[in-house]
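Heads up, the thing below is written out as structure tokens.
Residue numbers (our numbering): 44 to 238.
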């Protein structure tokens, strides 16, 4: 039996990298995570994509020396934005299998589809209230509790693989839906001439 299965979710420690330039958003997220049930979170914050890559490329900033179990990425940041970071992480051996959730104030379908196409495992709208942050924290902790890598940080991550497969299906469905909508618009615009 794996060591992680002997521990209750609250006894597990998970590593979370928060890539967020807004200190207020980062603070609300960290405080909501601290208040919610589930695994203990060891978090580290990077203010942009360049800082995140520097953290990941150097010695682990986490107490256990392991990589993050999850990375939360804001889209709009200085120096290197979330899209560029997402692409870099998905193209770099060693970082490919780390689950990535995009956390953004944008609800534009183009932004969402692009992030999934770049390899995001999930896309979450930034909460607008404390209750929203608490719900987000509960979702993050549920995900981290279900993470099959265990507390030791085993790089095998079947949860991320399943999420990526789902994201690809979702991206394909979004693209198909766009085609259907565009075709429907064309049909609605067509008006036969009266004899």
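Cβ coordinates follow ideal geometry from the N, Cα and C atoms, glycine included. Just so it is clear, the structure is predicted and the values come from calculations on it, not from any experiment.
With a threshold of 16 other CB atoms inside 10 Å of the CB of residue 125, please say whether the residue is buried or exposed. Buried, because 16 or more other Cβ atoms sit within 10 Å of the Cβ of residue 125.
Identified DSSP bridge partners for residue 98: DSSP links residue 98 through a beta bridge to no other residue.
Inspect the CB distances between the region 172-185 and the region 77-97 and report whether three or more fall short of 8 Å. Contact between the region 172-185 and the region 77-97 is present, with at least three C-beta pairs closer than 8 Å.
Exposed or buried, which one is residue 108 when buried takes at least 16 other CB atoms within 10 Å? By the Cβ-count criterion, residue 108 is exposed, with fewer than 16 other Cβ atoms from all chains shown falling within 10 Å of its own Cβ.
Excluding sequence positions up to five away, which residues of its chain have a Cβ less than 6 Å from the Cβ of residue 170? Only 176, 179 meet the Cβ criterion.
Which residues mark the beginning and the end of the beta strand (DSSP E) in which residue 75 is found? No beta strand (DSSP E) holds residue 75; the alpha helix (DSSP H) holding it covers 66-78.
Check the DSSP bridge columns for residue 15 and list the partner residues they point to. It is not possible to answer for residue 15, since the shown part of the chain is limited to 44 through 238.
Pick from 157, 138, 110, 141: whose alpha carbon is nearest that of residue 147? The shortest Cα separation from residue 147 among 157, 138, 110, 141 belongs to 157.
Tell me the residue span of the beta strand (DSSP E) that contains residue 143. Where residue 143 is concerned, the enclosing beta strand (DSSP E) starts and stops at 143-147.
Under three-state DSSP, which class holds residue 151? It is coil, neither helix nor strand.
Nonlocal neighbours in the same chain, by C-beta distance under 6 Å from residue 63, ignoring five residues either side: Excluding residues within five positions, the ones whose Cβ falls inside 6 Å are 69, 117.
Beta-carbon separation of residue 162 and residue 133 under 7 Å? One thing to note: residue 162 has its Cβ within 7 Å of the Cβ of residue 133.
Is it buried or exposed for residue 111, if we count other Cβ within 10 angstroms and need 16 for buried? By the Cβ neighbour-count rule, residue 111 is buried, with 16 or more other Cβ atoms within 10 Å of its own.
Straight-line Cα distance separating residue 142 from residue 191: Any answer about residue 191 is weak, because its pLDDT of 49 lies below 50 and its placement is not dependable; what the coordinates show is given next. Taking the straight line joining both Cα atoms gives about 12 Å.
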